[in-house]
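J.: Pasting in a structure now, in structure tokens, and then I'll have a few things to ask.
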Amino acid sequence: MKQVIEEIICKHLEGGKVIGNSQHGFVKNKSCQTNLIAFFDRITSLVNKGEAVDVVYLDFSKAFDTVSHDILINKLGKYNLDGATIRWVHNWLDNRTQRVVINCSQSCWKGIISGVSQGSVLGTVLFNFFINDLDIGIERTLIKFADDTKLGGVATALEDRVKIQNDLDKLEKWSEVSRMKFNKDKCKVLHLGRNNQFHTYRMGSDCLGRNTAERDLGVIVDKLNTSQQCDAVAKKANMILGCINRCVVSKTREVILPLYSALVRPQSEY
């Protein structure tokens, strides 16, 4: 039954183009690669024109675990899912309980009012519904891979930086209304381009820290060159080759080539 509901919702998503273009996670014909290309093609073109650019990497605190069931059901209705499907999803989420057990001690059972399964197809699809309206009203470039979200734009003039700050204020407001929290200690700013003013941004009353490099969906981003990423990939590939050399007795082509194709080559192809 769960798979049937998944198919119904996924067909609704594809037919009605419900999920916005900013979402690249668990969406047909999109991936980590399309996320990175779409975002950094825009950012790189701005830097090449001589603009200063600021990118804010946003981090939700326990994103999948804090999806409010009530808010999710309301949003499903707004996206024109049929009533029977919405009722099934409501029943699937409802009447769940949990408790904590430590050694011989255990807490009382407590009802679960939030959270979707991160390890299931239906859970990720429902999360995409929930977070779909995150970028409504956002002026700068915002792009998502499930809950991995980044906001970027020109930061050359003061008014440019004010627009980025205004977008951060809107995102903070969205998180309050949607009962999700940003982990502000992990939200970082990456300053790119010449003559960047290294402006300090805030979310609520908290100032966001800055990094000289960020790992974005597995790719190290620093000054929009690939030196750190290439070094990291080469180091990891060499470590795997060393492990194969030490642990595998046979060095024949029939043994080594499949191991190389399965373990080493994917490191350089990503």
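For what it's worth, the UniProt record's numbering labels the leading residue of the sequence shown as 1, then goes sequentially.
Note that the Cβ used here is the ideal one computed from N, Cα and C, for glycine as well.
Tell me, which residues are paired with F145 by DSSP?
T.: DSSP output for F145 lists D148 as bridge partner(s).
J.: Along the chain, where does the alpha helix (DSSP H) containing R210 start, and where does it finish?
T.: From DSSP, R210 is part of no alpha helix (DSSP H) but of the beta strand (DSSP E) over G209 to N211.
J.: Who are the near neighbours of V18 in its chain, counting only those whose CB is closer than 6 Å to its CB and skipping five residues on each side?
T.: Hits under 6 Å: Y79.
J.: Alpha carbon to alpha carbon, how far is V53 from T124?
T.: Each residue's alpha carbon lies about 31 Å from the other.
J.: What three-state label does DSSP hand I102 in the structure shown?
T.: Looking at I102 - three-state DSSP - the assignment turns out to be strand.
J.: Would you grab the beta carbon distance between V47 and L224 for me? Rounded to a whole angstrom, and I think it's under 8 Å.
T.: Indeed, because the Cβ distance is near 6 Å, the residues count as touching under 8 Å.
J.: Might you give, ordered along the chain, the residues of its own chain that have their beta carbon closer than 7 Å to the beta carbon of C10, omitting 5 neighbours on each side?
T.: Correct list, in chain order: V125.
J.: Within 10 angstroms of the Cβ of Y201, are there 16 or more other Cβ atoms? Answer buried if so, exposed if not.
T.: Buried, because 16 or more other Cβ atoms sit within 10 Å of the Cβ of Y201.
J.: Counting pairs of Cβ atoms below 8 Å between the stretch 185 to 194 and the stretch 205 to 217, do you hit three or more?
T.: The stretch 185 to 194, when compared against the stretch 205 to 217, does touch it at the 8 Å Cβ threshold.
J.: What whole-angstrom Cβ distance do E139 and D167 have, given they're in contact under 8 Å?
T.: Correct: roughly 6 Å between the Cβ atoms.
J.: Between K110, D94, L93 and N95, which lies nearest to V101 when the distance is taken from Cα to Cα?
T.: Ranking the options by Cα distance to V101, first place goes to K110.
J.: With I220 as the anchor, note down where its beta strand (DSSP E) starts and where it stops.
T.: That run of the beta strand (DSSP E) goes V219 to V221.
J.: Is there contact here, the stretch 104 to 119 with the stretch 22 to 35, by at least three beta-carbon pairs under 8 Å?
T.: Result no; under three Cβ-Cβ pairs closer than 8 Å.
J.: Among L158, K186, G204 and N183, which residue has its Cα nearest to the Cα of K170?
T.: If we check each option's Cα against that of K170, G204 comes out closest.
J.: In chain order, what residues of the same chain have a beta carbon less than 8 Å from the beta carbon of D94, not counting five sequence neighbours either side?
T.: Closer than 8 Å at Cβ, skipping near neighbours: H69.
J.: Would a C-beta distance cut-off of 8 Å place N183 and D65 closer than the cut-off?
T.: Their beta carbons are not under 8 Å apart, which means N183 does not touch D65 by this criterion.
J.: In its own chain, which residues sit with a C-beta less than 7 Å from the C-beta of G137, not counting the 5 before and 5 after it?
T.: Only K170 meet the Cβ criterion.
J.: Mapping the DSSP letters down to three states, classify Q23 as helix, strand or coil.
T.: In the structure shown, Q23 sits in a strand (DSSP, three-state: E or B).
J.: Could you pull out every residue in the same chain whose Cβ sits closer than 6 Å to the Cβ of I244, ignoring the five residues on either side in sequence?
T.: For I244, where only same-chain residues beyond five positions count, the Cβ hits under 6 Å are L259.
J.: With DSSP as the reference, label P192 as helix, strand or coil.
T.: The question names Pro, but residue 192 is Leu in the sequence shown. Three-state DSSP puts L192 in a strand.
J.: For the candidate residues D147, N196, V219 and R194, whose alpha-carbon lies nearest to that of M180?
T.: With distances taken between Cα atoms, M180 lies closest to D147.
J.: Return the chain-ordered list of same chain residues with a C-beta closer than 8 Å to the C-beta of F39, the five sequence neighbours on each side being excluded.
T.: For F39, where only same-chain residues beyond five positions count, the Cβ hits under 8 Å are T141, I143, K150 and G152.
J.: Where does the unbroken alpha helix (DSSP H) through D65 begin, and where does it stop?
T.: Careful: D65 lies outside any alpha helix (DSSP H) and carries neither H nor E.
J.: State the CB to CB distance for the pair F129 and K75, rounded to an integer number of angstroms; the pair is presumed to be in contact (CB under 8 Å).
T.: 6 Å between Cβ atoms; contact.
J.: Name the DSSP beta bridge partners of M239, please?
T.: Paired residue(s): none; M239 is not in a bridge.
J.: Short of 6 Å in beta carbon distance, which residues of its chain neighbour T156, apart from the five on each side in sequence? Order them along the chain.
T.: Cβ within range, chain order: E51 and A52.
J.: The ligand ADP and N91: does any heavy atom of the ligand fall closer than 7 Å to the residue's C-beta?
T.: Absence of the ligand ADP from the depicted structure is noted, as is the absence of any ligand whatsoever, leaving it without description.
J.: My output table needs one value for S114: the three-state DSSP class, helix, strand or coil.
T.: Reduced to three states, the DSSP call for S114 is strand.
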